[in-house]
Amino acid sequence: MDQQKVSILIVDDEFSVRDSLYNWFKVEGYRVDTAENGTEALKKLQEGPWDIALLDIKMPGMDGIELQKHIKRIDKTLVIIFITAFATVDTAVEAMKDGAFDYISKPVDPDKLSVLIRNAVNHRRLVAENIQLKQKVEELSLQDEIVGESPQVKKIQELIEVVAQTDATVLIRGESGTGKELVAQAIHAKSNRRYFPIISINCGSLAEGLLESELFGHERGAFTGAQYKRKGKLEMANGGTIFFDEIGNISAKMQMDLLRVIETKQFTPLGSNKIINVDFRVIAATNTDLEKEVAEKNFREDFYYRLNVFSIQIPPLRERTADIPLLAYYFLGKYAKSMNKKVTDISSEAMKILAQYEWPGNIRELRNTVERALVVVGKKDRIEPEDLNLHTLSKQDSTEIESLEDLEKAHIQRILERNNGNISKSAEMLKIDRVTLYNKIKKYSLQR
Amino acid sequence: MSYIDIVPIGKIEEATLISLKHSLFQTFKIQTRIRNRPIDLSPVYDPIRNQYNSSGLLVQLINDLAPETMKILGVTEVDLFIPIFTFLFGEAQLNGPGALVSAHRLRNPFYGIPENEEMFKNRLLKESIHELGHTFGLIHCFTLRCVMNTSTYVEEIDQKSADFCSACEKEILRWRNGNLTD
Chain R
2 MDQQKVSILI VDDEFSVRDS LYNWFKVEGY RVDTAENGTE ALKKLQEGPW DIALLDIKMP
62 GMDGIELQKH IKRIDKTLVI IFITAFATVD TAVEAMKDGA FDYISKPVDP DKLSVLIRNA
122 VNHRRLVAEN IQLKQKVEEL SLQDEIVGES PQVKKIQELI EVVAQTDATV LIRGESGTGK
182 ELVAQAIHAK SNRRYFPIIS INCGSLAEGL LESELFGHER GAFTGAQYKR KGKLEMANGG
242 TIFFDEIGNI SAKMQMDLLR VIETKQFTPL GSNKIINVDF RVIAATNTDL EKEVAEKNFR
302 EDFYYRLNVF SIQIPPLRER TADIPLLAYY FLGKYAKSMN KKVTDISSEA MKILAQYEWP
362 GNIRELRNTV ERALVVVGKK DRIEPEDLNL HTLSKQDSTE IESLEDLEKA HIQRILERNN
422 GNISKSAEML KIDRVTLYNK IKKYSLQR
Chain L
280 MSYIDIVPIG KIEEATLISL KHSLFQTFKI QTRIRNRPID LSPVYDPIRN QYNSSGLLVQ
340 LINDLAPETM KILGVTEVDL FIPIFTFLFG EAQLNGPGAL VSAHRLRNPF YGIPENEEMF
400 KNRLLKESIH ELGHTFGLIH CFTLRCVMNT STYVEEIDQK SADFCSACEK EILRWRNGNL
460 TD
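In order, the protein sequences belong to chains R and L.
For what it's worth, the numbering used here labels the leading residue of the first sequence as 2, then goes sequentially.
For what it's worth, the numbering used here labels the leading residue of the second sequence as 280, then goes sequentially.
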């Protein structure tokens, strides 16, 4: 906040005090005015915005304490400082409990006044910044990233609105690439926890030991390589939301540990004996058939019921083809802007290909396709069929496969299909570990 | 011819006043002279605070100014105050003729350390230029080394220089061009 623009209103019934402070602040470069009683002060406060008000406690008629109450009704953010004689210090302390910023005793030490005003200006600036940031968060939370007009999408949007107002645990289900994380973010953004962080963790992409340290954090020296103390994601999510992606892929021990944390809202970091209390909302997502996993004793039943309080099922893109043009144009606008391209349209032939394609990788695949098309579109102002590269993807077992990557993608897809999407079996057959397989599934937008 | 008048209030060493006179002329490029005026300290003395009311003193100082007096600077050894503040190093009229500076809190012995005459003279000069600067319309400056930077304790006076920054210097020059013919 520029000192030249900071405005100070001095309210005191003694002329000498008003005059002295007026001159003092004037040469400091502040915009300054005076009022000799509460009524005059309120009139000036209603005429325009002020940053700081210095109020005398003892004034004939309306005293400083009463004036503060009236001021708070006009402007809650105004910084109020009381000027008090030694005898009224107790009253000033009481006034601070009602929201005054500070008080200063008469006669005032010039240095103390100077520091106090500097602090008040900083406080005012921080409050203003905080209000701006909250408005920004509100605006962002209103921006609906879940695009679509189909009845299925409308239903999901309704469910998000309903569940966001509660603190219930949510289980989001759907194929890979359907936008489960986006739904989790939307729930968080519309909830009362929106000013706190949403922390995401992909449970499937981390080996068990690593997942444990990521979630719980660790003390220095807790294990080989733990050179520094590190805060876990559970602690980072305090006040906000924690989003467990691929929850169906965590070990039995981790299921038990997490169940305990969710129940008690307490945990102990690795290598520590200090219990940490946390408060977060849990949202989990999976594309695994959890009921089947429970029946086969691969997933704890109590953990399943703890997660499945409120369930949202996201349909695959092939079941809501009406949304494909909307989504395609949404991604076109988004990426054209970020790539600074003047592409504004998709030809009807290209759109026909997009609408007819199966989209095994769902929205993520559509997004990647549009993004790639914008890279190869050159100087054209619209996307044509040759920019889409969908013919090779839809015929993965044909002779049109050219690159090593296409070959790898097609092979992994075949193995996954052969094993009915079972990651462990597919990884074993491919002779790679589960984490690598997860990363490749994500990279190629493969369907399990 | 227009002058900056330096008026001693109470007992001030002549050497200090002469040194101040030369330095103020160097800074403002305006003829400076030492003038004795009858100032009565008794009506501005507050026995409870054992201090002298600065504003009351300033009123006496600017009363009945000589036509050739453009600015007047009172220099005193007494401790100054205004009712709201515990003390003042000095006071001035923004864009007015009068300024006042107190040497009382500029001397090291006030803070329990041995006297340093050179340091005292520097502080008195800086505060005199600072208060006179207000009479030329200058407000406090954010430039740390500028003499118009605010000082609420004595160490802050030591940290700044006795010179104006380029922006304040320009303001003084503008004032001189608009108000001085000789």
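Glycine is no exception: its CB is placed at the ideal position from the N, C-alpha and C atoms.
Check: With a cut-off of 8 Å on the beta carbons, I'd call I58/R and F83/R a contact; round off their distance for me.; Outcome: 6 Å
Check: In chain L, which residues lie with their C-beta within 7 Å of the C-beta of V28/R?; Outcome: L373, H413, I418, H419
Check: Beta-carbon of F304/L versus every beta-carbon of chain R: anything under 8 Å?; Outcome: no
Check: Out of curiosity, what's the CA-to-CA distance linking L183/R and G222/R?; Outcome: 37 Å
Check: Taking all protein chains shown into account, do 16 or more other C-beta atoms lie within 10 angstroms of the C-beta of L127/R, making it buried, or fewer, making it exposed?; Outcome: exposed
Check: With a threshold of 8 Å between beta carbons, is L172/R in contact with chain L?; Outcome: no
Check: Look at the alpha carbon of D398/R and the alpha carbon of G241/R, and state the distance between them as a whole number of angstroms.; Outcome: Confidence is the limiting factor: at D398/R the pLDDT is only 46, short of 50, which leaves the residue's position unreliable, though a coordinate-based value still follows. The straight-line gap from Cα to Cα measures roughly 46 Å.
Check: Report the three-state DSSP secondary structure of V357/L (helix, strand or coil).; Outcome: coil
Check: I want to verify the contact list: residues of chain L whose CB lies under 8 Å from the CB of D64/R, in sequence order.; Outcome: Simply none; closest approach about 19 Å.
Check: Along the chain, where does the alpha helix (DSSP H) containing E429/R start, and where does it finish?; Outcome: 424-431
Check: Consult DSSP for M340/R and reduce its assignment to one of helix, strand or coil.; Outcome: coil
Check: For K396/R, does the three-state DSSP call read helix, strand or coil?; Outcome: The predicted model places K396/R with a pLDDT of 40, which falls under 50 and marks its position as unreliable; any figure quoted below should be read in that light. Coil, per DSSP.
Check: Ignoring anything shorter than 3 residues or poking outside the stretch 26-79 of chain R, list the beta strand (DSSP E) runs there in chain order.; Outcome: 32-36, 53-57
Check: Whose CA, out of I408/L, L423/L, P388/L, lies closest to the CA of G416/L?; Outcome: I408/L
Check: Taking the continuous beta strand (DSSP E) assigned at E182/R, which residues delimit it?; Outcome: Unbroken run through E182/R is the alpha helix (DSSP H), 181-191; no beta strand (DSSP E).
Check: Report yes if the C-beta distance between E394/L and N401/L is below 8 Å; otherwise report no.; Outcome: no
Check: Taking only runs of the alpha helix (DSSP H) that begin and end inside the stretch 263-299 of chain R, which ones reach a length of at least 4 residues, in chain order?; Outcome: 291-296
Check: Could you tell me the alpha carbon to alpha carbon distance between L417/R and R449/R, rounded to whole angstroms?; Outcome: 6 Å
Check: Going by beta carbon distance, what residues of the same chain come within less than 7 Å of I276/R, once the five residues before and after it are set aside?; Outcome: Q267, T269
Check: Whole angstroms are fine: how far does the CA of D319/L sit from the CA of K290/L?; Outcome: 13 Å
Check: Roughly how many whole angstroms lie between the Cα atoms of K426/R and Y306/R?; Outcome: 27 Å
Check: Between I442/R and chain L, is the shortest Cβ-Cβ distance under 8 Å, so that the two count as touching?; Outcome: no
Check: So which residues of chain L does D112/R contact, with C-beta pairs closer than 7 Å?; Outcome: T431, Y432
Check: Anyone know if the C-beta pair for R467/R and E359/R falls short of 8 Å?; Outcome: The requested residue 467/R is not part of the displayed model; chain R covers only 2 to 449.
Check: Just how far apart, CA to CA, sit S446/R and K381/R?; Outcome: 27 Å
Check: Answer yes or no: does any C-beta atom of chain L fall closer than 8 Å to that of K44/R?; Outcome: no
Check: Along chain L, which residues have their Cβ under 7 Å away from the Cβ of V109/R?; Outcome: I363, F364, T365
Check: May I ask you to report which of helix, strand or coil DSSP gives S381/L?; Outcome: strand
Check: For A329/R and Y104/R, what's the separation of their Cα atoms in angstroms?; Outcome: 60 Å
Check: In whole angstroms, what is the alpha-carbon distance linking P50/R and C204/R?; Outcome: 52 Å
Check: Show which residues of chain L have a CB atom less than 7 Å away from the CB atom of V18/R.; Outcome: P362, I363
Check: Alpha carbons only, please: which of A190/R, S151/R, V148/R is nearest the one belonging to A165/R?; Outcome: A190/R
Check: Could you check if R368/R is buried or exposed, using at least 16 other CB atoms within 10 Å of its CB as the buried criterion?; Outcome: buried
Check: I need the straight-line Cα distance from V371/R to N440/R, nearest angstrom please.; Outcome: 21 Å
Check: Measuring straight from C-alpha to C-alpha, what distance separates L394/R and G334/R?; Outcome: Residue confidence is low: L394/R scores 46 on pLDDT, short of 50, so the model does not pin down where it sits. No coordinate-derived value is stated.
Check: Considering Q372/L, what are the terminal residues of the alpha helix (DSSP H) in which it resides?; Outcome: Unbroken run through Q372/L: none, as it is neither H nor E.
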